[in-house]
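Q:
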Amino acid sequence: MKLLPVKVWLMLIVFIQATAGIAGGICAAGYSYKNRVLPGVKVGHIPLEGLTYEDARDTLLRELVPPSSIILTWEKRTFSVPLHAGVCTFQVDEAMKRVFRIGKLSGEGHYYFNAVRWVPLTAYLNVPLSVSSSYLLNVLQKIKGEIDREPEDARVAIEDGTPFVIDEQSGWSLDLYQSKKCVEEHLQLGHFVDIPLIVKEKQPRITRADLPDFSCLIASYSTPLDDSSEDRKHNILLATEAINGRIIEPGEVFSFNDEVGPVTAEQGYREVLVIQNKKFVPGVGGGICQAATTLYQVALRGEMEIVQRSSHTRPVSYVPLGQDATVAQGLIDFKFCNNRHYPVLLTGKMDDSLSFFLYGAEKETGRSMEIVTEDIEVLAPCLLEQPDPSLPKGVRRLIQKGEEGYLVNVYRLVKEGGQKTVKELISTDVYMPINEVVRIGTREVTKEKK
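Using the working numbering, you'd call the opening residue of the sequence shown number 123 and step up by one each time.
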């Protein structure tokens, strides 16, 4: 066996001694930091290099300044939460545990290496912050009041008698306890800004897709208001507003009286002339019969099933004979049934005239309709003469002027696709005449003797 040259042995010995010296130096240097903070370690930008546990802890207690506030965020909104000494404290002992864990996670040798590494170790640690649980919960309750919003269902709105859809809106609800947990976790990491809040979305019950289709105008009708007083227009407006936006489901019966409600002064109705016993007399709610009549015309043109309807005792000026509808709370109602397979929507508006509209999902095309009054028979009034002994004999005094009455038939004329017109009898109405009443004097007149 050939021996190594002496020179090689000398070089090997020198290398071993140098390595041992370096290793010894590393161990010695590392050992000197065994109970001290490693070089390059800062807590909250406070350098702690070389300090013992007690000195480092005292330094943190002395120099750490709590933040004046923490910043919570949700979407693009921020919420500043003020802090003061009474509600928050730094967890210095927890910070010290983290400081002395640096460099030891990979074993003793790695710790010694971190103490003497050529490129100095740089470690910035944040200090955990504790905030009073009750204070934090109280703050989050206030923020919840600013964030929370109930969802809004999609709905049909009406402008000038025309329906349109207002889309649904999602709601929001701050999760108090999840947000509190998230804030506390960030504070444990020493994060004081951009702390996210946990907000849950709340879905509406009704979306646009859930709403019935009211895109087609099925029927409409208008009656004039030219001769109406302001009080009469006021009453008509109240009734119209009560009906406007009413959705009638398939098979449902619409009642005018139920929808309008009590027609009383307490409900805002005013005293206007009404027809009573074939005479015009003052009455609360005068004018609402025009709303019922206009609605009746729409129901006829929409081919709704008329369930209950009565004409006035005297003709009215705003529709042809036989095409009116009267109402009286508790006595006379106007009702019709939605005989279609889909919901319909009633809308109304007032300007120079009163208009009602009926909307639904379908409208039959190529179909024309007309409501006509025919077969008008005039009913002559009778003359009633009443003896009156208070009047001189032969004197006639007109007490009630006679007015003609009418017997009429109302028809619906329907023409579809250019075919022959179909004539359908809707109603036969009688407007009784008003008899003329004349008082005739019967008192004998005696001549004075000269």
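Ideal placement from N, C-alpha and C gives every residue a C-beta, glycine not left out.
Within 10 angstroms of the Cβ of F378, are there 16 or more other Cβ atoms? Answer buried if so, exposed if not.
A: Position 256 of the sequence shown, counted from the first residue, corresponds to residue 378. Burial call: buried.
Q: Tell me whether the stretch 546–565 and the stretch 430–447 touch, counting them as touching only if at least three CB pairs, one residue from each stretch, are closer than 8 Å.
A: The stretch 546–565 is in contact with the stretch 430–447.
Q: For C411, report the span of its alpha helix (DSSP H) as first-last.
A: Within the sequence shown, the letter at position 289 stands for residue 411. Looking at the DSSP string, the run of the alpha helix (DSSP H) that includes C411 is I410 to R423.
Q: Do S190 and V203 have their C-beta atoms closer together than 8 Å?
A: The residue given as residue 190 occupies position 68 in the sequence shown. The residue given as residue 203 occupies position 81 in the sequence shown. Cβ distance not < 8 Å, so S190 and V203 don't count as in contact.
Q: When you compare the stretch 317–326 with the stretch 279–294, are there three or more beta-carbon pairs, one atom per stretch, that lie closer than 8 Å?
A: They touch, by the three-pair rule.
Q: Using CA coordinates, which residue listed in P372, F201, L205 and D215 is at the minimum distance from D177?
A: On the sequence shown, residue 177 is found 55 positions in, with the first residue counted as 1. Minimum Cα distance to D177 is reached at D215.
Q: Specify the secondary structure class of N531 as computed by DSSP and reduced to three states.
A: Position 409 of the sequence shown, counted from the first residue, corresponds to residue 531. Of the three classes helix, strand and coil, the one that applies to N531 here is strand, per DSSP.
Q: On the three-state DSSP scale, how would you describe G185?
A: Position 63 of the sequence shown, counted from the start, is the residue given in the question as residue 185. Going by the sequence as given, residue 185 is Glu instead of Gly. Residue state, collapsed to three classes: helix.
Q: Using the C-alpha atoms, what's the distance from G452 back to S384?
A: As a first step, residue 384 must be located in the sequence shown, where it is residue number 262. As a first step, residue 452 must be located in the sequence shown, where it is residue number 330. Note that residue 384 is Pro in the sequence shown, not Ser. For P384 and G452, the distance between alpha carbons rounds to 9 Å.
Q: With distances taken Cα to Cα, identify the nearest neighbour of C338 among P465, E185 and F458.
A: Start at 1 with the first residue of the sequence shown, and residue 338 comes out as number 216. Nearest of P465, E185 and F458 to C338, Cα basis: P465.
Q: Mapping DSSP to helix, strand and coil, what is C210?
A: Along the sequence shown, read from residue 1 onward, the residue named residue 210 stands at position 88. Looking at C210 - three-state DSSP - the assignment turns out to be strand.
Q: Rounded to whole angstroms, what is the Cα-Cα separation between K426 and V396?
A: For this step, residue 426 is matched to residue 304 along the sequence shown. For this step, residue 396 is matched to residue 274 along the sequence shown. A small correction: the amino acid at residue 426 is Met; Lys does not occupy that position in the sequence shown. About 28 Å.
Q: Reducing DSSP to helix, strand and coil, say where I192 ends up.
A: Counted from its first residue, the sequence shown places residue 192 at position 70. In the structure shown, I192 sits in a strand (DSSP, three-state: E or B).
Q: Quick one: what does DSSP say S337 is sitting in, helix, strand or coil?
A: On the sequence shown, residue 337 is found 215 positions in, with the first residue counted as 1. The answer is coil: DSSP assigns S337 none of H, G, I, E or B.
Q: Reducing DSSP to helix, strand and coil, say where M218 ends up.
A: The residue given as residue 218 occupies position 96 in the sequence shown. DSSP places M218 in helix when its eight states are reduced to three.
Q: Quick one: grab the DSSP three-state call for D332.
A: Taking the sequence shown and counting its residues from 1, the one referred to as residue 332 is at position 210. D332 falls in the helix class under three-state DSSP.
Q: Using only alpha-carbon positions, find the residue among P285, P514 and T495 that is nearest to F336.
A: Here residue 336 is taken as the residue at index 214 of the sequence shown, counted from 1. Closest option to F336, Cα to Cα, is P285.
Q: Taking only the alpha-carbon atoms, compute the straight-line gap between E525 and N557 and give it to the nearest angstrom.
A: The residue given as residue 525 occupies position 403 in the sequence shown. The residue given as residue 557 occupies position 435 in the sequence shown. Each residue's alpha carbon lies about 7 Å from the other.
Q: Can the beta-carbon of V420 be found less than 8 Å from the beta-carbon of F478?
A: Taking the first residue of the sequence shown as position 1, residue 420 is located at position 298. Taking the first residue of the sequence shown as position 1, residue 478 is located at position 356. Contact: yes.
Q: Using a Cβ-Cβ cut-off of 8 Å (strictly less than) and excluding sequence neighbours within five positions of V163, which residues of its own chain qualify?
A: To locate residue 163, count along the sequence shown from 1; it is residue 41. Closer than 8 Å at the Cβ level, and outside the excluded window around V163, lie P169, L170, E171, V221, I224, L243, A245 and L247.
Q: What does a CB cutoff of less than 7 Å around V559 pick up in its chain, not counting 5 residues either side in sequence?
A: The residue labelled residue 559 in the question sits at position 437 within the sequence shown. These residues qualify, in order along the chain: L506, Q508, I521 and Q522.
Q: Count the other C-beta atoms from every protein chain shown that fall within 10 angstroms of the C-beta of T448, then say buried if there are 16 or more, exposed otherwise.
A: As a working mapping, residue 448 is identified with position 326 in the sequence shown. Buried, since its Cβ has 16 or more Cβ neighbours within 10 Å.
Q: In chain order, what residues of the same chain have a beta carbon less than 8 Å from the beta carbon of S351, not counting five sequence neighbours either side?
A: Sequence index remark: in the sequence shown, residue 351 carries index 229 (1-based). Hits under 8 Å: V394.
Q: From A341 to I288, what distance separates their C-alpha atoms?
A: Against the sequence shown, residue 341 aligns to sequence position 219. Against the sequence shown, residue 288 aligns to sequence position 166. Answer to the nearest angstrom: the Cα atoms are 23 Å apart.
Q: Can you check which of these residues, E274, G470, K302 and I280, is closest to L262 by C-alpha distance?
A: Looking up residue 262 in the sequence shown gives position 140. If we check each option's Cα against that of L262, K302 comes out closest.
Q: Can you say whether V187 is buried or exposed, counting buried as having 16 or more other CB atoms within 10 angstroms of its CB?
A: Sequence index remark: in the sequence shown, residue 187 carries index 65 (1-based). Exposed, by the Cβ-count rule.
Q: Judging by CA-CA distance, which residue of V406, T195, Y528 and I358 is the nearest neighbour of D474?
A: Locating residue 474 in the sequence shown gives position 352, where the first residue counts as 1. Looking at the Cα atoms, I358 is the closest of the given residues.
Q: Alpha carbon to alpha carbon, how far is Y418 from V544? Give it in angstroms, no decimals.
A: Looking up residue 544 in the sequence shown gives position 422. Looking up residue 418 in the sequence shown gives position 296. The alpha-carbon atoms of V544 and Y418 are separated by roughly 21 Å.
Q: Looking only at its own chain, which residues have a Cβ that is under 6 Å from the Cβ of A414, when we skip the five neighbours before and after it?
A: Taking the sequence shown and counting its residues from 1, one reaches residue 414 at position 292. Excluding positions up to five away in sequence, the list reads F378, A447, V449 and F456.
Q: When we look at the beta-carbon of L547 and count the other beta-carbons within 10 Å, is it buried (16 or more) or exposed?
A: Within the sequence shown, the letter at position 425 stands for residue 547. Exposed: under 16 other Cβ atoms inside 10 Å.
Q: Give the secondary structure of D455 by DSSP, where H, G and I count as helix, E and B as strand, and everything else as coil.
A: Here the question's residue 455 lines up with position 333 in the sequence shown. Reduced to three states, the DSSP call for D455 is coil.
Q: Taking a contact to mean a Cβ-Cβ separation below 8 Å, would you say V249 touches F212 in this structure?
A: Stepping through the sequence shown from its first residue, residue 249 is reached at position 127. Stepping through the sequence shown from its first residue, residue 212 is reached at position 90. Their beta carbons are under 8 Å apart, which means V249 touches F212 by this criterion.
Q: I need the straight-line Cα distance from L205 to V165, nearest angstrom please.
A: Locating residue 205 in the sequence shown gives position 83, counting from the first residue. Locating residue 165 in the sequence shown gives position 43, counting from the first residue. Whole-angstrom Cα-Cα distance: 21 Å.
Q: What do you get for Y299, buried or exposed, if any count of 16 or more other CB atoms within 10 angstroms of its CB means buried?
A: Looking up residue 299 in the sequence shown gives position 177. When all chains shown are included, Y299 counts as exposed.
Q: Under three-state DSSP, which class holds E381?
A: Locating residue 381 in the sequence shown gives position 259, counting from the first residue. Three-state DSSP puts E381 in a helix.
Q: V438 by DSSP, collapsed to three states: which one?
A: The residue given as residue 438 occupies position 316 in the sequence shown. If DSSP states are grouped into helix, strand and coil, V438 belongs with coil.
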